[in-house]
Ligand SMILES: [Zn+2]
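In the working numbering, the protein residues as written are 339 to 1164.
Below, the structure is given as C-alpha cells:
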C-alpha cells in the first residue's frame, strides 16, 4: 500500500476524497450479477493538467502552421509584430520545452504565469495578478463543454472546476472565453457562476446563447489556473425517431387520463393483445381515495373541537351529525346522546347556569359516548382546549369533503376506497429471460403528463408490433412493466378536488395537524418512502412533518404504493431498468440522488462504467425527445439528481440501484421549451393546457416527445440484453520506456468499469476501481514517477469481462491486461 502511494500520485487529489465513500460499491458493480455498467460519451477534453498561459513569439506564418499542426493550442490573441507573430500558448511545462525545440521564442519568464490585461476581463481580486511559480497547483478542469441547438438558436453549456473552488476569501472567480470555430481566436470573455450546494463548492457553470458553434473554450481562474477544452455536441446527431418509420402509428392519447381510465385501458390492451400483453396485479391495495368525515365546531381557538368520524365518509361517516346543545337550567353535567347517526352533546352548566364544558371535556365525551360514531376528537391544533364550548345552531354534518368538486373536474363519480393497481406487462417472451424495464409514472398525483406519456408508449408498442420491425425487436427482446399511475388515490384527488395534490391520501398526522383545514396537506411523498439514503438514515430532502410536501412517512416503506414496487422488482428479478417518470422540469437523473447535508455526503457514486452507461443512455433517450420538436433537455439537468437538482432522501431510484443493481432513472418530463419568438425559455407546469401552441408548453406535445424517449429506453434495454461482446481497454500511453514522469489514464471502447492493481498482483473485483477525476469528469490521470506495472480488466454495463477473464477465481491463464510504464531516470 505504502509503496503504491509513493510511486503513483494522483494529480487530482479531490478524486481520492470523493472516492472514500465508494469503497463498498453498489450492487451495480458486481459483474457476476450482470449489472455492472460502464461507458464513454463524454466531452472530449484536452490539456487539462496544469496548463499555463505563456506568451510566445513565432518567427512567421510557416512556424505558426508547424506549431498548430503539432497540436499546440496557440490560437488566442495572435498579432503581427515587425519580427514575426506574437501570441499566447496554453501549455504544460513539458510543452514549453517542446515549443522551444521547435524554435519558438518564449517571452518573459517561462516558468511563471502573469495575467495579461487582455485576459483580465471582469475578474476582481488582487491575488490573481501576482506571478505564480511553476509549481503552483491551481488547476482548472473542464467537466463539460456542450453545444446544442434548439429551434434555430445555438447554446453553449460549460461546467468547469477549479481546485480552489471551495476557497472563501477571496472567492475564486472563473472566466470563460470561446472561439467562433476552428482557427478563430478566443474572445467574448464572461464571468462564470459559482455553484455551491450544501456548503460545498460544486463547479462553475453557465448556459450561454451563441450564434456560431465554438470549437474550443478557455477557462481561467482568478488564482492562475487556465485550461482549454474542445466543445462537444449535445443531442445534435440523433437518428430519426420510430415515429418517422413508414406506417408507424402514434398519437393515441388525446387528453389527460385519470386513474380509472388508465387502468381500464391497460386491462383492455391486455385483452386485445393477449399474445404480447398481460396484467400483473400489485399485492398491496392503496389506502384509498377516502377520508374520515370531519368538522371543527364549538367555537374558535381554545373552544374549538375537532371531530372525525370512525367510519370513512363514503361508508357512513358523511351521515354523522354533531350538535352541541345548550339546555336550560343550572348544575347540569356534560353528557352525550345518540339517535341513529345524530350525536347530541349536552353541554354542562355551572351553579349560576352558565355554560361550563371545555373543548377537552367535550372531545373526551364524543370519543367515549358517541357509540362508536366518533373515534377521534380533540382540541384544535396545539391548543390545550381550555375554552368553554359554545352551542351550535343545530346539527353540524361531518364531511370528507370529497364531493366538493374543483372547477374543471371530470364528469362522473369517483370510486372510493382502496385500489388494486394493475401493471401492464408487454413482451413477447415474458419468461424472465429478457431484460425487464419498469416504467413507473405518477408517484406524484398532480403530475399528469407522466401518465399520458407512459400510456402513449404502451400503445405504440402494441399497435406497431406486427407492422414495425424495430417495435417488434423491442417487444421480442424486452419485458416491459407499466405502472401508469402509482398514486391513484392522490391522482383522483388531484383530478377531482385539489389540483395541486402531490402525495397520497394517507393521513399519518397527529392531532395538531389532523383538523380538516389541513386536509390538502396530508399524505406521504411516495418518492421519499424508500430504504436507501432515506430521511430515516439522516439524508436530506425528506421531511418528518406530515403536512410537508416531502413527508417521508412514519417509517421506510410505510405505504402500500412503495411496498408494491419492491415486491415487483423482487418477484421479477429480470427487471434491470427503471424509469420513475415525473414532471415537470426537463431533467434526466440517476445516482447519487441523496446526501447527508452536513458535509454533503452523497450515496456512493456509481462506478465510472455505470456513470458512462447512464450518460450514453441519456443521450440516446434525450436525442429521441429532441427529434420530435427540438425540445432539448440541457446537460446541466442531466446526471446524479443530487448533483444537478437537490437531495431527495428515500427516493425509489436509490433503492432500486443500490439494492438490486437496476439502472434506475428519474425523469422530469415537460419543462422549459425555447421560444424563438421571445428569445426566452417558457417554463413548464404540472398540468399544461393539453392542446396548446404545438411549439410551446402543451400536454399533448410533451406526451408525444417524451414517449419517444421512453421508447428509446426500451431499445437501450434490448441492446443491453443482446450485448455479449467483451469490452476492450487500454492504458494511454501504454507499455514503454519514458524519460521522465508520465501521465497515464485508461480508455475503454464502450462504457466499462476498470479494476486495476499497481503492485504486480492479479486484479480482482476487490482491486481499486478506476474513477473519475471528480464527479461529472472523465477518468482520473495517474502521474507515474517510477517504473510501474498496471494489471487490469474491464467490465461492461452488461457484465461482460474483457478477454473473458475470471476475476473471482485463480484463473491460471492470468488473462488480464497488463502494461509496464518504465521510467528511465537518466
Ligand atoms: Zn414528481
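Glycine included, C-beta positions come from ideal geometry on N, C-alpha and C.
Just to confirm, does residue 827 get its C-beta within under 7 Å of one of the non-hydrogen atoms of ligand 1? no
Give a single yes or no on whether residue 865 has its beta carbon closer than 7 Å to a heavy atom of ligand 1. yes
Three-state class that DSSP yields for residue 433 in the structure shown: helix
Hey, quick one: how far does the alpha helix (DSSP H) through residue 709 stretch, first residue to last? First-last for residue 709: undefined, no H or E at that position.
DSSP three-state call for residue 821: helix, strand or coil? strand
Helix, strand or coil: which one does DSSP assign to residue 907? helix
Quick check on the DSSP output: the alpha helix (DSSP H) that includes residue 958 runs from which residue to which? 946 to 967
Does the beta-carbon of residue 1124, which I'm using as the reference point, lie nearer than 7 Å to any heavy atom of ligand 1? no
Quick test of your reading: residue 510 and residue 559, contact by CB under 8 Å. State the CB separation rounded to the nearest angstrom. 6 Å
Bounding residues of the beta strand (DSSP E) (the contiguous stretch that carries residue 1122): 1120 to 1122
In three-state terms, what does DSSP make of residue 812? helix
Residue 597: which of 624, 491, 711 sits nearest, CA to CA? 624
Rounded straight-line distance, which links the Cα of residue 1158 to that of residue 1123: 12 Å
Under a Cβ-count criterion, where at least 16 other Cβ atoms within 10 Å of its own Cβ denotes burial, should residue 1101 be classed as buried or exposed? buried
Please confirm whether residue 783 and residue 890 have their CB atoms less than 8 Å apart. no
Looking at the secondary structure, which residues open and close the beta strand (DSSP E) in which residue 544 lies? 538 to 548
Specify, as a first and last residue, the run of the beta strand (DSSP E) that residue 1094 falls within. 1090 to 1095
In terms of residues, what are the limits of the beta strand (DSSP E) holding residue 795? That residue, residue 795, is in no beta strand (DSSP E); its alpha helix (DSSP H) goes 787 to 802.
Return yes when the Cβ of residue 962 is within less than 8 Å of the Cβ of residue 1047, no when it is not. yes
Taking buried to mean at least 16 other C-beta atoms within 10 Å of its own C-beta, is residue 749 buried or exposed? exposed
Report yes if the C-beta of residue 897 is less than 7 Å from at least one heavy atom of ligand 1; otherwise report no. no
C-alpha distance - residue 1167 paired with residue 816, whole-angstrom precision: This structure does not reach residue 1167, given that the chain is present from 339 up to 1164, and the question cannot be answered.
Report the option in 535, 708, 669 whose CA atom is closest to the CA atom of residue 693. 669
Under 8 Å Cβ to Cβ from residue 652, same chain only, skipping five residues before and after it: list those, please. 628, 738, 740, 754, 755
Would you list the residues sitting across from residue 715 in a DSSP beta bridge? 645
Using only the heavy atoms of ligand 1, determine whether one of them is closer than 7 Å to the beta carbon of residue 992. no
Please classify residue 619: is it buried, with 16 or more other beta-carbons within 10 angstroms of its beta-carbon, or exposed? exposed
Distance CB(residue 479)-CB(residue 1095) smaller than 8 Å: no
Buried or exposed for residue 893, please, with buried defined as at least 16 other CB atoms from any protein chain shown within 10 angstroms of its CB. exposed
Sorry if obvious, but does the Cβ on residue 782 come closer than 7 Å to a heavy atom of ligand 1? yes
Check whether the Cβ of residue 863 lies closer than 8 Å to any Cβ atom in chain D. The structure shown contains no chain D; it is built from a single protein chain.
Output the boundary residues of the alpha helix (DSSP H) element that contains residue 826. 826 to 834
Residue 921 - partner residues in DSSP beta bridges: 1007
Would you kindly report the start and end of the unbroken alpha helix (DSSP H) that includes residue 990? 990 to 998
Helix, strand or coil at residue 1018 [DSSP, three-state]: strand
Along the chain, where does the beta strand (DSSP E) that runs through residue 1151 open and close? Residue 1151 -> no beta strand (DSSP E), and no H or E assigned at all.
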